[in-house]
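First the structure, in the form of structure tokens, and then the observations on it.
Residue numbers (our numbering): 1303 to 1436.
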């Protein structure tokens, strides 16, 4: 069994490596459950289908990623999520840290455009003049 390293050793090495235990410890300390472990990738010959892919991730935002990394560095930990933050991270904690780093929250998405108007109804055809039966 390998003895655990002192906390200051992990804190000094955190900016260069990703330390999931430090992040999980920080989350637990702030009252948040740590994210679940990543799913098993499966066999190398098991081709994933579209349903196995991640659900629509937001587009990459380098400024947000930099702010997130700055917040993680300020906390003395390395961010373990290079592509997207954990869904278990509380939004208010993340917003507070990003505000402290000088980043405003993103603007809300614009409302969808109104639907196009329906096409006009065709005009009725004129009827021939009435002729009484003979």
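Backbone N, C-alpha and C fix where the C-beta goes; we use that ideal spot for every residue, glycine too.
Residue 1369 places its beta carbon less than 9 Å from that of residue 1400.
In the structure shown, the three-state DSSP call for residue 1395 is helix.
The alpha-carbon of residue 1365 is positioned some 37 Å away from that of residue 1418. Its Cα nearest to that of residue 1406, the residue 1397 stands out among 1416, 1434, 1397.
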